[in-house]
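Those protein sequence lines, which keep their order, are chains Y and F. Under the numbering used here, read the first sequence as residues 1248 to 1358, first letter to last. Under the numbering used here, read the second sequence as residues 9 to 125, first letter to last. Working notes, structure below.
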Amino acid sequence: GNSVTQMEGPVTLSEEAFLTINCTYTATGYPSLFWYVQYPGEGLQLLLKATKADDKGSNKGFEATYRKETTSFHLEKGSVQVSDSAVYFCALSTNAGKSTFGDGTTLTVKP
Amino acid sequence: DTEVTQTPKHLVMGMTNKKSLKCEQHMGHRAMYWYKQKAKKPPELMFVYSYEKLSINESVPSRFSPECPNSSLLNLHLHALQPEDSALYLCASSLGTSGGKRTGELFFGEGSRLTVL
């Protein structure tokens, strides 16, 4: 079956630090890949996506590249802010219509 | 309008009560989902409706009963729940499959936080 593995958290960084959250996946076929973010007390919202190999998704300073050869979709941001504190979920979706989520990584950014 | 709206935001119910969670979207999406999320865990899929028909039931206990009255509305009827059913219930929608085009991006509501006493 499909699976998504995220680096274990939590992650604590100082403001303006560089962020990397690792994500690797196992899937049959050619999945679409996503990063969702969940702020405290809210639902999940899409942060960025990539639908084919070598695509780069980007939004709000975050980036991730779909690497088929390493089955990875690592999330990066050059300079984090306190407002980026949230839980980040890596996910994949196949044509079957079901999404598979990683366990989530809690990011805390301190001023 | 790019929102998925869920009501109520908070619900407290006893184990003998009957209540319903409601979800609405006006983005023209043809797939709608119910997820259950426990604290510090990823969402767990419960049900999927595709073109108003139930297409996936992830072996959810019958005390949870979904309903899709039309393409914009999704309900989750709750009856005789257990304390361990306390969680955040998330509704989501997506474009759905159309002519073989791959989709999958989910649009989530803010959730209904359910407490079962």
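For each residue, glycine too, the CB sits at the ideal point set by N, CA and C.
Taking the Cα of P1287/Y as reference, the smallest distance to any Cα among F1348/Y, V1251/Y, P1278/Y and Y1335/Y is reached at Y1335/Y. Contact holds between the segment 1264-1282 of chain Y and the segment 1336-1355 of chain Y, because three or more Cβ pairs, one in each stretch, are under 8 Å apart. Nearest to L89/F by alpha-carbon distance, out of H37/F, Q14/F and T123/F, is T123/F.
Inclusion of L86/F and L1291/Y in the CB contact set at 9 Å is not warranted, their separation being larger than that value. Listed along chain F, the residues sitting closer than 9 Å to F1281/Y by beta-carbon distance are G112, E113 and L114.
Linking S1332/Y to L19/F through their CA atoms gives a straight-line distance of about 27 Å. In this structure K1299/Y touches Y1313/Y by the C-beta definition: roughly 7 Å separates them, less than 8 Å. Here E118/F is buried, its C-beta having at least 16 other C-beta atoms within 10 Å.
DSSP places S73/F in the strand class (E or B) of the three-state scheme.
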